[in-house]
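Asks: Below: one structure in structure tokens.
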Amino acid sequence: MRIGLALVALILALSAEWLRPGSVVRLDEGLRDYFVRWSADTSPEDRVVVIDIGEAALQEAGPWPWPRARIADLVEILLGTYQARAVGLDIVFSEPADADGDARLAALAAHAPLALAQIFDYVPRIPAMSLGRVGGGVTQSSGPSVQAQGFIANHSGLAGARCVGNIGYLPDADGVLRRIPELTRFGGKDYSHLSSALLNCAADTVAAALQPVGLGLGDKDGFWRVPYSRAQNAYTVVSAADILYERAPPELLAGRFVLVGSSSLGLGDRVSTPLAPLSSGVMVHAASLTGLLDLAQGRASAPTSGRQLLLAWCLISIAVASFFIARLSVWASLPLLLGLVACWLGLAFMGVARQAEWSVTAPLWAYFFLLLVAIPNEWWQSQRRTRRLLNTFSHYVAQPVLDEIVRRGLNYSLTPTLCDVTVLIADMEGYTRMTSSLSLEEAAGLTKDFLGCLTRPVLTWCGTLDKYTGDGLVAFWGAPLACPEQADWAVSAALDILAEVDAFNAERQRSGIPPVRVRIGIESGRALVGDLGTSFRSTYTAVGDCINFASRLESAARDLPTQLVIGAATNGLLQRHTTRSLGKITLRGTQTSIDVFTV
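The structure is reproduced here in structure tokens:
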């Protein structure tokens with residue numbers, strides 16, 4: 000059962016990793032988003048600058064849309080006056096405007112490190128989006144690509160641009176933009192995204208610039224998880240008006256990659272990201288650019304599935320959990336599972352920081368299953384063992400003793416242990432002679448009634464019933480619970496047995512049936528007590544010399560003027576009962592002579 004439950008837990012974890020059902024994806028992404036926000040680096044990003052066409056810039060430089068000449072002025076100032084390394088425009092010019100401005104912008108796009116934007120649409124529509132003229136693209140690339148259905152591109156006057164990047168995207172089911180297409184397939188060509196085009200645009204040769212990055216960063220579907228490694232306040236954001244009027248300090252932009260976009264609500268370029276529920280689209284491209292720069296400079300590693308490490312962790316942690324759950328209590332198993340959860344989350348988030356694409360929650364489903372099924376199963380098995388143990392003891396001990404065993408705990412109650420015990424053996428004298436003239440039913444009735452006379456006093460005085468011996472019994476005190484007054488209780492039980500047998504005989508005599516005589520031997524000593532036997536059958540019993548001595552004392556009673564014979568060891572332990580000596584006797588079958596007593 001335990002192996003089966005462990006295998007089910009492992010299958011749950013691996014199914015969550017390989018199949019990625021919707022519930023798993025939602026929880027995974029929620030945990031990833033929390034980690035991204037918590038771990039985002041707030042140190043300044045000194046390689047990327049964002050130029051914001053925000054509300055302040057629109058009030059100062061005029062409402063949108065700006066003349067193309069003003070856009071050309073902005074680009075020329077960034078590349079000339081501020082010596083920016085390359086400029087990327089998060090703006091699509093789908094229609095021609097002022098001829099002079101368009102001509103200047105076209106010349107910049109053809110010869111300067113300027114990357115223009117175009118939007119690919121991934122949703123099938125009738126009719127498909129088709130506006131402007133798609134630019135860039137190559138016929139062959141490395142890695143999978145995402146198929147586009149339509150586009151919004153720049154007008155044909157900008158078709159000579161050597162660097163064009165896609166700014167279209169597909170948000171996740173919850174509306175959060177976590178991945179962008181690394182390469183987009185349309186019309187038999189592949190097109191890179193804007194941040195990749197901007198990096199290529201800074202290359203020294205036009206030939207290099209025409210090749211998409213194609214780093215193989217995308218998953219099997221062609222989507223690259225944007226590494227939102229920097230907090231939004233880590234980026235230098237400058238108002239476009241400060242650039243147009245050259246108020247920004249030159250050292251802010253020199254040698255840096257520049258992205259031009261808008262945070263204005265009126266322009267509607269807003270997306271939800273793991274960092275913020277509402278962010279300007281240009282910040283997604285800034286995060287993408289940071290990720291590519293980190294890769295190029297060796298600050299980050301390429302995405303990996305991490306499945307081998309996940310599989311190893313699941314195998315080890317589930318085996319450890321199953322092993323200890325079977326040996327710990329329920330309340331100790333819960334901290335164990337919580338510890339495994341904490342360890343995995345720490346490891347999982349370290350992997351997330353290194354672009355591991357594993358399921359953050361995969362092992363958690365296994366731990367949840369163990370919590371709901373394995374721990375209750377162990378509790379149920381424990382209850383079964385407890386009931387079985389109680390059922391076993393109920394045949395041997397009195398209810399008060401059983402209650403005390405339960406109170407103290409049952410863990411080692413059946414384990415064979417050396418104990419100081421007092422043994423009582425009682426038997427009917429002349430049983431064979433007495434039953435030989437009786438029918439089977441009458442003999443069975445006599446035996447049952449007589450054993451009742453012996454058993455009731457033993458259990459009343461909290462003795463442990465070892466076994467019945469046909470017409471008698473063996474009982475002991477001192478196990479499974481220690482009993483300081485064991486000798487006195489054994490003698491008290493013997494006296495009650497004599498009283499019960501006297502009452503039994505009185506009833507028999509009234510019916511004209513001859514009386515029976517009981518013989519009792521009591522001795523104390525050290526014995527091995529516990530669940531003894533074989534793998535086929537065992538019983539809770541005592542083994543030791545004191546049992547043999549008590550048996551010989553019971554046999555000796557046939558030749559003594561008493562029904563109760565007490566050994567010297569028991570006599571030395573008595574505190575409440577007064578005894579008298581019966582002298583010395585030689586034990587049957589031995590040469591040993593011992594002092595014996597009676598009450």
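Mapping the sequence shown onto numbering that gives the first Met the number 0, position 182 (from 1) lands on 181, and the numbers just tick up by one.
All residues carry an ideal CB built from backbone N, CA and C; glycine is no exception.
Starting from CYS162, follow the beta strand (DSSP E) in both directions and report where the run begins and ends.
Replies: Per DSSP, CYS162 belongs to no beta strand (DSSP E) and is neither H nor E.
Asks: If you reduce the DSSP assignment to three classes, tell me which class ARG224 lands in.
Replies: Of the three classes helix, strand and coil, the one that applies to ARG224 here is strand, per DSSP.
Asks: Suppose the cutoff is 6 Å on Cβ atoms and the five residues either side in sequence are ignored; what does the same chain contact list for SER261 look like?
Replies: If we look at SER261 and ignore the five residues flanking it on each side, its Cβ neighbours are ILE52 and ASP268.
Asks: Out of curiosity, what's the CA-to-CA distance linking PRO180 and VAL163?
Replies: Distance between the alpha carbons of PRO180 and VAL163: 15 Å.
Asks: For ALA474, which of GLU440, ALA556, ARG509 and GLY520 has the nearest alpha-carbon?
Replies: Ranking GLU440, ALA556, ARG509 and GLY520 by Cα distance to ALA474 puts GLY520 first.
Asks: Per DSSP, what kind of secondary structure is CYS482 in: helix, strand or coil?
Replies: Looking at CYS482 - three-state DSSP - the assignment turns out to be coil, as it is neither helix nor strand.
Asks: Quick one: what does DSSP say PHE92 is sitting in, helix, strand or coil?
Replies: Coil, per DSSP.
Asks: So, ALA48 versus LEU258, is the Cβ gap smaller than 9 Å?
Replies: Correcting the residue identity first, residue 48 is Val in this sequence and not Ala. Yes, they are a contact pair.
Asks: Which ranges does the alpha helix (DSSP H) cover as unbroken runs of at least 4 residues, wholly within the region 362-390, from first to last along the chain?
Replies: As far as the region 362-390 is concerned, it has no whole alpha helix (DSSP H) run of at least 4 residues.
Asks: According to the Cβ coordinates, are VAL542 and GLN485 closer than 9 Å?
Replies: Contact: no.
Asks: Classify MET427 as helix, strand or coil using the three-state DSSP reduction.
Replies: MET427: strand per DSSP, three-state reduction.
Asks: With distances taken from CA atoms, which of GLY167, TRP460, PRO456 and LYS583 is nearest ILE118?
Replies: The candidate whose alpha carbon is nearest that of ILE118 is GLY167.
Asks: Would you give the residue range spanned by the beta strand (DSSP E) that ARG178 belongs to?
Replies: Residues 178-180.
Asks: What first and last residue would you give for the alpha helix (DSSP H) that runs through GLN307?
Replies: GLN307 -> alpha helix (DSSP H) spans 306-324.
Asks: My understanding is that THR569 touches GLU522, with C-beta atoms under 8 Å, so please give their C-beta distance in whole angstroms.
Replies: Confirmed, about 6 Å.
Asks: Evaluate the contact criterion for the region 340-351 versus the region 303-317: three or more CB pairs, one atom per stretch, below 8 Å.
Replies: Verdict: yes, contact present.
Asks: In the DSSP assignment, the beta strand (DSSP E) including LYS447 goes from what residue to what residue?
Replies: Note, LYS447: premise wrong, no beta strand (DSSP E); alpha helix (DSSP H) at 439-459.
Asks: Considering only the alpha carbon of each residue, which of ASP465, ASP530 and ILE424 lies closest to PHE548?
Replies: The candidate whose alpha carbon is nearest that of PHE548 is ILE424.
Asks: Give the single residue among GLU44, ALA15 and VAL86 whose Cα lies nearest to the Cα of ILE50.
Replies: Ranking GLU44, ALA15 and VAL86 by Cα distance to ILE50 puts VAL86 first.
Asks: Along the beta strand (DSSP E) that carries ILE151, what are the first and last residues, could you check?
Replies: ILE151 -> beta strand (DSSP E) spans 149-151.
Asks: Could you give the C-beta distance for PHE150 and MET128, rounded to a whole number, given that I count them as a contact under 8 Å?
Replies: Correct: roughly 6 Å between the Cβ atoms.
Asks: With DSSP as the reference, label SER328 as helix, strand or coil.
Replies: Here SER328 sits in coil by DSSP.
Asks: Which residue from GLY142, TYR190 and GLY100 puts its Cα closest to that of VAL133?
Replies: Nearest of GLY142, TYR190 and GLY100 to VAL133, Cα basis: TYR190.
Asks: Rounded to a whole number of angstroms, what is the C-alpha to C-alpha distance between GLN210 and ALA196?
Replies: Low confidence applies here, because GLN210 scores a pLDDT of 42, under 50, leaving its location unreliable; read the following figure in that light. Those two C-alpha atoms are separated by around 9 Å.
Asks: As a quick exercise: from SER491, GLN574 and ALA365, pick the residue whose alpha carbon is nearest that of ALA15.
Replies: Comparing Cα positions, the closest option is ALA365.
Asks: What is the DSSP secondary structure of THR414, counted as helix, strand or coil?
Replies: Note: THR414 maps to coil in three-state DSSP.
Asks: Let me check one thing: in DSSP terms, what residues is GLY520 bridge-paired to?
Replies: DSSP, once it has assigned bridges, lists ILE424 and VAL564 as partnering GLY520.
Asks: Give, in chain order, every unbroken run of the beta strand (DSSP E) that is at least 3 residues long and sits entirely within the region 250-278.
Replies: Correct list: 256-260.
Asks: Count Cβ pairs between the region 585-593 and the region 453-462 that sit closer than 8 Å; are there 3 or more?
Replies: Result no; under three Cβ-Cβ pairs closer than 8 Å.
Asks: Helix, strand or coil for LEU472, going by three-state DSSP, please let me know.
Replies: Correct three-state label for LEU472: strand.
Asks: Is DSSP giving ASP218 helix, strand or coil here?
Replies: It is coil, neither helix nor strand.
Asks: What number of angstroms, rounded off, separates the C-alpha of ILE324 from the C-alpha of ILE10?
Replies: Each residue's alpha carbon lies about 19 Å from the other.
Asks: If you pair each beta-carbon of the region 548-560 with each one of the region 486-506, do three or more pairs fall below 8 Å?
Replies: Verdict: no, contact absent.
Asks: Output the distance between the C-alpha atoms of GLN613 and LYS219, rounded to the nearest integer angstrom.
Replies: The structure shown has nothing for residue 613, since the chain only spans 0 to 598.
Asks: When DSSP labels each residue in this structure, what does VAL23 get in the three-state scheme?
Replies: Three-state result, VAL23: helix.
Asks: Touching or not, the region 66-74 and the region 94-109, by the rule of three or more beta carbon pairs under 8 Å?
Replies: Yes, the region 66-74 is in contact with the region 94-109.
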